[in-house]
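Working notes for the structure below.
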Amino acid sequence: GYTSPTQADIIHDLHLSLSQYSFFGSLVNLGCMVGAVSSGRIADSLGRKGALVAAAIPNLVGWIMVAMAKDLQFLYIGRFLKGLGGGIVSFTVPTYIAEVSPKHMRGTLGAMHQLAVTVGIMMAYMGGLFFQWRMLALIATIPGALLLIGLCFIIETPRWLGNADRNKDLATALQRLRGKDYNISSELSEIQVMVTVSRLQPSVLVTELFQWRLFRPLLAGIGVMALQQFSGINGIMLYAGEIFSTVGFKSPNAASLLLAMLQVAVTLTSAGLMEKAGRRLLLLLSSGGMALSAFLVGFSFFLRNIKNPSPEMDTFINVLALCSLLFYVVSFSFGLGAIPWVIMSEIFPSRVKGLAGSLATLVNWSCAWAVTLTFNFLLNWTSYGTRCFWLYASICLATVIFVALFVPETRGRTLEQIEASFK
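Numbering (my numbering), first residue to last: 703 to 1125.
And the structure:
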């Protein structure tokens, strides 16, 4: 969300071109791609807590460099480092949540990851109304500092402890998570059996991921990750101010803040639906709603091309654009926002979770990079945004078909039961 309220000021202060700023916006995704490649190995070797420590440090350094940047190189390096930490976090946090959550709460708690992302975007938009871009970057170091402090008080996941052959710590951690009066014997036994079975199997090669029994969960997990980003959400949220400005809003940053606040509210509401409606239904409804709303946003740009519109038509175009974007964000937030990350943390077998999870996260951030790099150009070069949004609408329709064909329901099953279902 940082690039939306700061675009005009950074371009002015550092004398950047549109292409240079677009590259700056996309660099966070390049950093995330590099972080994603190593995230699984880091999380498997250092533990989930250790991986989060490793992620927080470049994140802090990156924001400080952006705040101090006096030239393009410093700005670019800081943005890349921020992304590097984000790539590690984006795999590790959903994995941590999935591995500590009881099965009946895993979807709801998994949605908290996306909720935190939306809160961060909202705070960036809000801060952009009151703070200059350098100060806003310094304020962005606060969450990273709080993360380092908070990691001192959380426990490692039982499943990682089991894989690390720390069985005593495994039992202790599981008991702490479930409560001192909870009987953990059944869940403990299930985890230990799966760890034992996993150890008896040879190390996984990348080529083995494409064997059918592993390819099915890989296709579902990576497919929803790619389609989440190709829906255009990152471009829309990163450049919301530019979109509203292009369509004719006099206060684009205020409209962007409204968009972000709505995203937080709907994401919070959707967390409770995850275990009631299931993953598949929410994904289908979400993708369908996004397809309709993206088409209507494109239609508002089409109407904007009419020369000398009447005041009534001008008002109608603004209302249509705002309502359609709001509906787009609502649709994304209750399904396609959180669920791909939840599915990624659930669907991969334990012995390939690090490798497959890194691959899925890499695909997600690669697609996000492509979208953020091209979004500004598509918005300005394709009939003032019409074809841009109609392209995203068609991808959202393709997502509906993909989910119906390839994504299984994981609600109400333990991670071990999900893994066994693919054998």
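Quick reminder that beta carbons are idealized off the backbone N, C-alpha and C, glycines included. Please read these numbers as outputs of a predicted model, since none were measured by experiment.
Please specify which runs of the alpha helix (DSSP H), each continuous and at least 4 residues long, are wholly inside the segment 1058–1108, giving them in chain order.
-> Listed in chain order, the complete alpha helix (DSSP H) runs (minimum 4 residues) inside the segment 1058–1108 are 1088–1108.
Are R982 and V1105 touching if we call contact CB-CB under 8 Å?
-> Here residue 982 refers to the residue found at position 280 when the sequence shown is read from its first residue. Here residue 1105 refers to the residue found at position 403 when the sequence shown is read from its first residue. Contact flag set, yes.
In chain order, which alpha helix (DSSP H) runs of at least 4 residues are fully inside the segment 744–819?
-> As far as the segment 744–819 is concerned, its whole alpha helix (DSSP H) runs of at least 4 residues are 774–802.
So, helix, strand or coil for L848, using DSSP?
-> Against the sequence shown, residue 848 aligns to sequence position 146. Here L848 sits in helix by DSSP.
Could you round the C-beta distance between C734 and G788 to whole angstroms and report it? I think they count as a contact, below 8 Å.
-> On the sequence shown, position 32 is the one that residue 734 refers to. On the sequence shown, position 86 is the one that residue 788 refers to. Confirmed, about 5 Å.
Please report how far the alpha carbon of Y884 lies from the alpha carbon of D746, in whole angstroms.
-> Numbered from 1 along the sequence shown, position 182 holds the residue referred to as residue 884. Numbered from 1 along the sequence shown, position 44 holds the residue referred to as residue 746. Approximately 28 Å between the Cα atoms of the pair.
Distance, S988 Cα to M976 Cα | In the sequence shown, the residue the question calls residue 976 occupies position 274. In the sequence shown, the residue the question calls residue 988 occupies position 286. Approximately 12 Å, taken between the alpha carbons.
Rounded to whole angstroms, what's the CA-CA distance from M963 to M807? Just pull it up for me.
-> The sequence position of residue 963 within the sequence shown is 261, counting from 1. The sequence position of residue 807 within the sequence shown is 105, counting from 1. A straight-line Cα-Cα distance of about 25 Å links M963 and M807.
Simplified DSSP state of F1124, which is helix, strand or coil | For this step, residue 1124 is matched to residue 422 along the sequence shown. Of the three classes helix, strand and coil, the one that applies to F1124 here is coil, per DSSP.
Of the choices A1070, V730 and L1057, whose alpha-carbon is the least far from that of L920?
-> Residue mapping note: residue 920 aligns to position 218 of the sequence shown, counting from 1. Distance from the Cα of L920 is smallest, within the candidate group A1070, V730 and L1057, for L1057.
Assign C734 to one of three DSSP states: helix, strand, or coil.
-> Working through the sequence shown from its first residue, we reach residue 734 at position 32. Secondary structure at C734: helix, using DSSP grouped into helix, strand and coil.
Is the segment 1073–1092 touching the segment 722–739 in the sense that three or more CB pairs, one from each, lie closer than 8 Å?
-> Yes, the segment 722–739 touches the segment 1073–1092.
Spatially closest choice to G923 from M825, K1055 and F1003, by CA coordinates = Indexing the sequence shown from 1 puts residue 923 at position 221. Nearest C-alpha to G923: K1055.
Go ahead and pull the three-state DSSP assignment for Y1030.
-> One-based indexing of the sequence shown puts residue 1030 at position 328. Three-state DSSP puts Y1030 in a helix.
Select from A1100, G1114, L783 and L1117 the residue whose C-alpha is nearest the C-alpha of V763.
-> Walking along the sequence shown from the start, residue 763 turns up at place 61. Ranking A1100, G1114, L783 and L1117 by Cα distance to V763 puts L783 first.
Local conformation of H714 per DSSP, three classes | Stepping through the sequence shown from its first residue, residue 714 is reached at position 12. Reduced to three states, the DSSP call for H714 is helix.
Does the distance from the CB of L970 to the CB of V999 come in under 8 Å?
-> Here residue 970 refers to the residue found at position 268 when the sequence shown is read from its first residue. Here residue 999 refers to the residue found at position 297 when the sequence shown is read from its first residue. In this structure, V999 does not lie closer than 8 Å to L970 by Cβ.
Can you give the Cα-Cα distance for V755 and F946, rounded to whole angstroms?
-> Here residue 755 refers to the residue found at position 53 of the sequence shown. Here residue 946 refers to the residue found at position 244 of the sequence shown. Across the structure, V755 and F946 are spaced so that their CA atoms are roughly 38 Å apart.
Please go through the same chain and pick out, in chain order, the residues whose beta-carbon is closer than 8 Å to the beta-carbon of G980, but skip the five residues on each side of it.
-> Within the sequence shown, the letter at position 278 stands for residue 980. Non-local C-beta neighbours of G980 in its own chain, meaning closer than 8 Å and more than five positions away in sequence, comprise E1111 and R1113, ordered along the chain.
Around the C-beta of S958, are 16 or more other C-beta atoms found within 10 angstroms, so that it is buried, or is it exposed?
-> Locating residue 958 in the sequence shown gives position 256, counting from the first residue. Counting the other CB atoms within 10 Å of its CB gives S958 a total of 16 or more, which places it among the buried residues.
Is the distance from the Cβ of A1047 to the Cβ of P796 below 8 Å?
-> Translated into positions along the sequence shown, residue 1047 becomes position 345. Translated into positions along the sequence shown, residue 796 becomes position 94. The question names Ala, but residue 1047 in the sequence shown is Ser. Cβ distance < 8 Å, so S1047 and P796 count as in contact.
Please list, in chain order, all residues of the same chain as S1068 whose beta carbon is under 6 Å from its beta carbon, the five residues on each side excluded.
-> Translated into positions along the sequence shown, residue 1068 becomes position 366. When the five nearest sequence neighbours on each side are left out, the beta carbons in the same chain lying within less than 6 Å of the beta carbon of S1068 are those of M735, in order along the chain.
Counting Cβ pairs closer than 8 Å, one from the segment 1037–1051 and one from the segment 926–936, do we hit at least three?
-> In the pairwise beta carbon analysis, the segment 1037–1051 is classified as touching the segment 926–936: at least three pairs are separated by under 8 Å.
Inter-stretch contact at 8 Å, needing at least 3 Cβ pairs: the segment 765–776 / the segment 839–846 | Segments in contact, yes.
Whole angstroms is fine: what's the gap from Y704's alpha carbon to Q816's?
-> Locating residue 704 in the sequence shown gives position 2, counting from the first residue. Locating residue 816 in the sequence shown gives position 114, counting from the first residue. Cα to Cα, the separation comes out at about 17 Å.
Which stretch, first to last residue, makes up the alpha helix (DSSP H) that contains D871?
-> Counting from 1 along the sequence shown, the entry for residue 871 is found at position 169. In the DSSP annotation of this structure, the continuous segment of the alpha helix (DSSP H) that includes D871 starts and ends at N869 to R880.
Run of the alpha helix (DSSP H) containing G1000, from where it starts to where it stops = As a working note, residue 1000 is residue 298 in the sequence shown. For G1000, the enclosing alpha helix (DSSP H) stretches over residues R981 to R1006.
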